[in-house]
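Notes for the one structure printed next.
4 protein chains.
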Amino acid sequence: MQSKNRPVGQKRASFIEEARRTQIIESAIETFSDLGYANTSLARVAERAGISKSVISYHFAGKTELMEQIVEQVYLDIAQFVLPRTEKETTATGALRANIRSVAEYMRDHRAQLLALGEIFNNLRTPEGERRYGVAFNEQVYEGREAIFRRGQQTGEFRAFDPRVMSVTVQSAIDGMFGYWVTYPEHDLEAHADELADLFEHATRAERPDEKANR
Amino acid sequence: MQSKNRPVGQKRASFIEEARRTQIIESAIETFSDLGYANTSLARVAERAGISKSVISYHFAGKTELMEQIVEQVYLDIAQFVLPRTEKETTATGALRANIRSVAEYMRDHRAQLLALGEIFNNLRTPEGERRYGVAFNEQVYEGREAIFRRGQQTGEFRAFDPRVMSVTVQSAIDGMFGYWVTYPEHDLEAHADELADLFEHATRAERPDEKANR
Amino acid sequence: MQSKNRPVGQKRASFIEEARRTQIIESAIETFSDLGYANTSLARVAERAGISKSVISYHFAGKTELMEQIVEQVYLDIAQFVLPRTEKETTATGALRANIRSVAEYMRDHRAQLLALGEIFNNLRTPEGERRYGVAFNEQVYEGREAIFRRGQQTGEFRAFDPRVMSVTVQSAIDGMFGYWVTYPEHDLEAHADELADLFEHATRAERPDEKANR
Amino acid sequence: MQSKNRPVGQKRASFIEEARRTQIIESAIETFSDLGYANTSLARVAERAGISKSVISYHFAGKTELMEQIVEQVYLDIAQFVLPRTEKETTATGALRANIRSVAEYMRDHRAQLLALGEIFNNLRTPEGERRYGVAFNEQVYEGREAIFRRGQQTGEFRAFDPRVMSVTVQSAIDGMFGYWVTYPEHDLEAHADELADLFEHATRAERPDEKANR
DNA sequence: GATGAATGAGCGTTCATTCAT
DNA sequence: TATGAATGAACGCTCATTCAT
Chain A
1 MQSKNRPVGQ
11 KRASFIEEAR
21 RTQIIESAIE
31 TFSDLGYANT
41 SLARVAERAG
51 ISKSVISYHF
61 AGKTELMEQI
71 VEQVYLDIAQ
81 FVLPRTEKET
91 TATGALRANI
101 RSVAEYMRDH
111 RAQLLALGEI
121 FNNLRTPEGE
131 RRYGVAFNEQ
141 VYEGREAIFR
151 RGQQTGEFRA
161 FDPRVMSVTV
171 QSAIDGMFGY
181 WVTYPEHDLE
191 AHADELADLF
201 EHATRAERPD
211 EKANR
Chain B
1 MQSKNRPVGQ
11 KRASFIEEAR
21 RTQIIESAIE
31 TFSDLGYANT
41 SLARVAERAG
51 ISKSVISYHF
61 AGKTELMEQI
71 VEQVYLDIAQ
81 FVLPRTEKET
91 TATGALRANI
101 RSVAEYMRDH
111 RAQLLALGEI
121 FNNLRTPEGE
131 RRYGVAFNEQ
141 VYEGREAIFR
151 RGQQTGEFRA
161 FDPRVMSVTV
171 QSAIDGMFGY
181 WVTYPEHDLE
191 AHADELADLF
201 EHATRAERPD
211 EKANR
Chain C
1 MQSKNRPVGQ
11 KRASFIEEAR
21 RTQIIESAIE
31 TFSDLGYANT
41 SLARVAERAG
51 ISKSVISYHF
61 AGKTELMEQI
71 VEQVYLDIAQ
81 FVLPRTEKET
91 TATGALRANI
101 RSVAEYMRDH
111 RAQLLALGEI
121 FNNLRTPEGE
131 RRYGVAFNEQ
141 VYEGREAIFR
151 RGQQTGEFRA
161 FDPRVMSVTV
171 QSAIDGMFGY
181 WVTYPEHDLE
191 AHADELADLF
201 EHATRAERPD
211 EKANR
Chain D
1 MQSKNRPVGQ
11 KRASFIEEAR
21 RTQIIESAIE
31 TFSDLGYANT
41 SLARVAERAG
51 ISKSVISYHF
61 AGKTELMEQI
71 VEQVYLDIAQ
81 FVLPRTEKET
91 TATGALRANI
101 RSVAEYMRDH
111 RAQLLALGEI
121 FNNLRTPEGE
131 RRYGVAFNEQ
141 VYEGREAIFR
151 RGQQTGEFRA
161 FDPRVMSVTV
171 QSAIDGMFGY
181 WVTYPEHDLE
191 AHADELADLF
201 EHATRAERPD
211 EKANR
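Shown next, in the form of structure tokens:
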């Protein structure tokens with residue numbers, strides 16, 4: 001098994017090894033996406049990849065490692081897409097809007113990856129029975145978005161609100177947008193994202209003094 | 001087998017029959033909630049109920065019917081709790097706030113039920129592989145909430161926005177609140193619900209004329 | 001699974017349950033005896049019993065429990081046969097001779113049982129890798145025989161020797177007799193047992209005073 | 001593959017070839033000794049040797065040949081150690097004592113080898129299901145020891161007894177000593193060997209005329 | 001000489017379901 | 001009304017071996 005404990009100083013995984021792992025991961029993503037977590041077996045993944053199922057065992061320590069690799073890979077991929085687009089914005093409002101829109105843009109071309117991620121996210125558990133991933137795994141994402149909110153509150157761009165609740169809500173709204181689009185593929189993802197951006201712009205922006213006074 | 005297509009004229013399910021079904025459903029809810037979808041087998045449910053597992057097969061046509069009964073029952077229960085609290089509000093804003101708060105209140109005392117519902121919702125598939133429930137199953141809920149939004153928009157209470165997106169987002173925000181609270185049980189659910197109500201109040205309310213003009 | 005955690009007060013295992021367990025154990029004994037430890041799979045045992053292999057899983061918690069049951073059952077059976085025949089002897093020499101001869105007699109009619117016992121004894125390991133049974137499991141047998149030797153030494157019937165070494169050696173000699181007979185089935189088991197009895201009689205009996213003096 | 005049927009005139013196995021085979025055999029011995037027959041796979045042996053598992057397949061025709069090589073090598077090693085020490089004795093009693101003691105001495109420094117030997121001895125089977133080694137494989141050892149006994153009986157040093165039974169019993173006693181020491185490593189191996197020598201000296205020596213008469 | 005890659009066979013186990021009682 | 005007994009299918013995984021490089 002090349003995937004772990006590779007001796008120090010040894011050449012990195014061979015080309016063929018990397019290609020197989022990639023191929024298997026892609027087949028697994030499709031399988032999770034199409035059949036769902038409970039119906040995804042190594043046999044089905046192998047079938048889709050056109051290989052013997054023991055090939056999977058050869059390249060991955062087990063089903064768990066395969067799933068963890070999927071999560072890791074998809075997560076990195078999303079971050080690489082979304083972060084630059086978010087960070088180049090100067091205003092907090094702009095950053096939030098860019099964040100939502102770029103995630104939506106990513107979704108459009110990575111439906112299967114995000115579906116697979118969700119299946120694993122929602123279902124994979126440790127041997128002890130606790131969720132392997134879970135809301136807690138989003139902590140990093142929450143904190144990143146919280147930073148935007150705090151910044152906006154300090155600059156006076158945003159009203160007073162609980163940044164954590166807002167952050168959790170934005171994430172939920174994005175997840176909900178994805179789920180809705182998956183169910184209704186003809187749904188206009190871009191328009192939905194814009195609506196969400198408007199929604200959170202209104203939800204976060206500073207209130208006019210006289211408004212505040214009237215509350 | 002007795003659960004469906006009961007011949008016309010036959011007495012309704014006996015007391016003992018109903019008691020057994022209830023007991024099994026409750027054990028199943030606990031099991032789904034504790035162990036997750038993939039680790040919930042009829043054997044485990046039976047073990048928790050302290051009965052033989054073929055008793056389950058006797059009272060339910062199969063695992064699928066058991067899960068469908070859970071969904072139906074929990075759904076009804078939520079609706080019975082939430083709808084009256086929502087409908088007694090007169091303003092759209094009030095209705096939305098009451099909606100969010102009452103769901104949160106329900107959550108607090110029905111953690112296991114909602115967890116089990118989520119497990120089944122996210123994972124149960126038809127024999128053909130499509131999701132048995134899914135976003136589409138929420139259609140009723142969406143429409144109910146959309147009605148509130150449209151009313152608010154007609155009365156001028158709300159600004160112009162896409163009622164469907166807003167409805168999906170409210171639902172997502174509520175689901176996200178639940179997931180967050182499940183992960184962090186010490187999290188203040190009531191405060192979160194109030195924050196959400198504020199959030200959507202800001203997100204929906206009509207803009208002042210001069211604001212609109214400035215955009 | 002009836003085999004464990006039977007609720008208190010519940011009727012003991014049903015007749016059919018006991019019959020199945022017995023049948024499976026017997027098939028397993030034959031399989032271990034014929035094919036050896038490494039070639040004995042639940043599939044092979046089931047095949048020999050003419051049942052589906054999942055029946056074994058139904059009646060036993062696992063392969064390990066099946067093997068432990070074999071050991072327990074065969075052990076009890078031997079003890080029930082040998083102990084009475086040994087204990088009715090009055091002299092230590094007589095007890096030793098009766099012990100050896102009765103074991104040999106038992107062997108003759110329980111070849112497969114003892115072979116299976118040996119396979120499991122020599123190979124079964126705990127999940128941590130240590131032998132499940134081993135020499136230490138013979139402790140009881142050793143102690144029983146040591147008691148005979150000590151008694152003989154106190155009465156002056158036996159010479160001075162290390163009772164533990166003698167006990168271990170008697171057991172080894174019996175095991176060796178069995179192994180030899182298994183390999184050469186025409187070998188005269190009874191004569192071998194008598195030779196062993198003579199051997200240990202000479203090896204244990206008290207030396208005459210002048211012999212001792214001359215050493 | 002190189003190990004057998006090397007074409008005539010070809011140089012003997014290269015140094016590196018021999019070194020690899022030796023390394024693999026040693027790792028295999030450790031693995032059999034530590035993990036037991038059933039848990040010893042080529043993968044585990046390779047892991048311990050720090051080599052790829054197909055290296056084993058390259059140097060040995062298969063797992064079976066590897067095991068046979070272990071048996072052959074350990075057997076030769078024991079014989080080289082024990083035989084000279086036994087043969088230099090002039091009396092039959094002395095030879096027996098030397099035999100037992102030298103085996104015990106060998107054990108002390110070759111625990112793993114003897115354990116591995118035992119694992120293979122007890123478990124390796126032909127494709128037809130018969131034991132590959134077994135009591136019959138000891139024939140040579142038995143005959144060697146029988147020669148000692150017959151000699152002693154001819155010189156009048158030993159009493160009348162069945163030399164084959166005595167030979168089998170001596171071997172069993174030695175095996176038993178090893179097994180006991182493996183379980184209780186603090187057990188005094190040398191003292192045990194001396195006790196055994198005494199035991200068999202008493203068991204074999206000629207009886208005094210009056211003793212015989214009294215029986 | 002050496003090995004990474006692949007494979008089919010078989011393993012023990014869990015599963016939802018059926019059926020006779 | 002209840003359940004013990006049974007089962008075939010499928011599961012994730014390990015195995016010794018083969019083969020191209």
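Chains as they are written, first to last, in UniProt numbering: chain A, 1 to 215; chain B, 1 to 215; chain C, 1 to 215; chain D, 1 to 215.
Beta carbons: idealized from backbone N, C-alpha and C, even for Gly.
Discussion item. Per DSSP, what are the beta-bridge partners of F158 (chain D) in this structure?
Written reply: D:R205
Worksheet item: Got a sec: which bits of the stretch 35 to 54 of chain A sit with their beta carbon under 9 angstroms from any beta carbon on chain B, in order along the chain?
Response: Cβ contacts with chain B: L35, G36, Y37, A38 and N39.
Fill in: Neighbour-count burial assignment, L199 (chain C), 16 or more Cβ in a 10 Å radius
buried
Discussion item. Along the stretch 112 to 145 of chain C, where does the CB come closer than 7 angstroms to a CB of chain D? Name the residues.
Written reply: Of all residues in the stretch 112 to 145 of chain C, the ones placed with a Cβ closer than 7 angstroms to any Cβ belonging to chain D are N122, N123, R125, G129, G134, V135 and A136, in chain order.
Worksheet item: With 9 angstroms set as the bound, which would you pick, yes or no: does the beta-carbon of L196 (chain D) sit closer than that to a beta-carbon of chain C?
Response: Interface residue, yes.
Worksheet item: For N99 (chain A) versus V74 (chain A), is the C-beta spacing smaller than 9 angstroms?
Response: no
Item to complete: Specify the secondary structure class of R132 (chain C) as computed by DSSP and reduced to three states.
Response: coil
Worksheet item: K63 (chain C) lies in the alpha helix (DSSP H); which residues open and close that run?
Response: K63 to E87
Practice prompt. Would you be able to state if there are at least three C-beta pairs under 8 angstroms between the stretch 177 to 192 of chain D and the stretch 183 to 197 of chain C?
Written response: no
Practice prompt. Return the first residue and the last residue of the alpha helix (DSSP H) that L115 (chain B) is part of.
Written response: R111 to N123
Worksheet item: Which residues in chain B sit within 7 angstroms of M67 (chain A), going by Cβ to Cβ distance?
Response: Ordered by position in chain B, no residue passes the 7 angstroms Cβ test against M67 (chain A), which lies about 12 angstroms from the chain.
Worksheet item: With a cut-off of 8 angstroms, do at least 3 Cβ pairs link the stretch 31 to 45 of chain B to the stretch 111 to 119 of chain B?
Response: yes
Item to complete: Could you tell me the distance, in whole angstroms, from the CA atom of Q140 (chain A) to the CA atom of R150 (chain A)?
Response: Their backbone Cα atoms lie some 15 angstroms apart in a straight line.
Item to complete: Report the rounded CA-to-CA distance for T40 (chain D) versus N39 (chain C), giving the unit in angstroms.
Response: 14 angstroms
Worksheet item: From the beta carbon of F161 (chain B), is the nearest beta carbon of chain A less than 9 angstroms away?
Response: Yes, contact with chain A.
Practice prompt. Tell whether a beta-carbon distance below 9 angstroms holds between Y142 (chain C) and R164 (chain C).
Written response: yes
Item to complete: Have a look at A191 (chain B) and F161 (chain A) and give me their C-alpha separation to the nearest angstrom.
Response: 11 angstroms
Practice prompt. Check the C-beta distance from T93 (chain C) over to G152 (chain C) and give it rounded, since I have them as a contact under 8 angstroms.
Written response: 7 angstroms
Worksheet item: Is it buried or exposed for F15 (chain A), if we count other Cβ within 10 angstroms and need 16 for buried?
Response: It is exposed - the Cβ of F15 (chain A) has fewer than 16 other Cβ atoms within 10 Å.
Worksheet item: Cα-Cα, which of B:A173, B:T22, B:A193 and B:V71 is closest to A134 (chain B)?
Response: It should be noted that the sequence gives Gly, not Ala, for residue 134 (chain B). Looking only at B:A173, B:T22, B:A193 and B:V71, the smallest Cα-Cα distance to G134 (chain B) is reached by B:V71.
Item to complete: Measure the beta-carbon distance from S27 (chain A) to V55 (chain A) and round it to whole angstroms, keeping in mind my assumption that it falls under 8 angstroms.
Response: With a Cβ gap of about 11 angstroms, S27 (chain A) and V55 (chain A) do not count as contacting.
Item to complete: Give the DSSP-derived three-state secondary structure of T183 (chain A) in the structure shown.
Response: T183 (chain A) carries a helical assignment under DSSP once its states are collapsed to helix, strand and coil.
Worksheet item: Quick one: which chain B residues come within Cβ less than 9 angstroms of V168 (chain A)?
Response: The contacting residues are A173, G176, M177, G179, Y180 and H192.
Worksheet entry | From B:T64, B:S172 and B:D188, residue whose alpha carbon lies closest to that of R132 (chain B) | B:T64
Worksheet entry | Member of B:Q23, B:T91 and B:A19 whose CA lies at the smallest distance from the CA of T155 (chain B) | Taking only the C-alpha atoms, the option nearest T155 (chain B) is B:T91.
Worksheet entry | Cβ-based neighbour list, R108 (chain D), same chain, cut-off 7 angstroms, excluding 5 preceding and 5 following | L189.
Worksheet item: What first and last residue would you give for the alpha helix (DSSP H) that runs through T22 (chain C)?
Response: F15 to L35
Practice prompt. With A49 (chain A) as the anchor, note down where its alpha helix (DSSP H) starts and where it stops.
Written response: Taken as a continuous stretch (DSSP letters only), the alpha helix (DSSP H) holding A49 (chain A) covers L42 to A49.
Item to complete: Classify D188 (chain A) as helix, strand or coil using the three-state DSSP reduction.
Response: DSSP, reduced to helix, strand and coil, places D188 (chain A) outside both helices and strands of the structure shown, so it counts as coil.
Worksheet item: When DSSP labels each residue in this structure, what does R95 (chain C) get in the three-state scheme?
Response: One point to set straight first is that residue 95 (chain C) is Ala, not Arg, in the sequence displayed. It is helical.
Discussion item. Starting from S54 (chain A), trace the alpha helix (DSSP H) in both directions and tell me its first and last residue.
Written reply: K53 to H59
Discussion item. According to DSSP, simplified to helix, strand and coil, what is P7 (chain D)?
Written reply: In this predicted model, P7 (chain D) has a pLDDT of only 40, less than 50, meaning its place in the structure is not dependable enough to derive any value.
Worksheet item: Just how far apart, CA to CA, sit E105 (chain C) and K88 (chain C)?
Response: Within the model, the alpha-carbon separation for E105 (chain C) versus K88 (chain C) is close to 16 angstroms.
Discussion item. Let me see if you follow: with CB-CB separation under 9 angstroms, is L199 (chain D) close to chain C or not?
Written reply: yes
Worksheet item: By the criterion of Cβ-Cβ separation under 8 angstroms, what are the contact partners of V103 (chain D) in chain C?
Response: Here the premise fails: no neighbours, minimum Cβ distance about 13 angstroms.
Discussion item. Tell me the rounded alpha-carbon separation between P128 (chain A) and S172 (chain D).
Written reply: Contrary to the premise, residue 128 (chain A) reads as Glu rather than Pro in this sequence. The straight-line gap from Cα to Cα measures roughly 48 angstroms.
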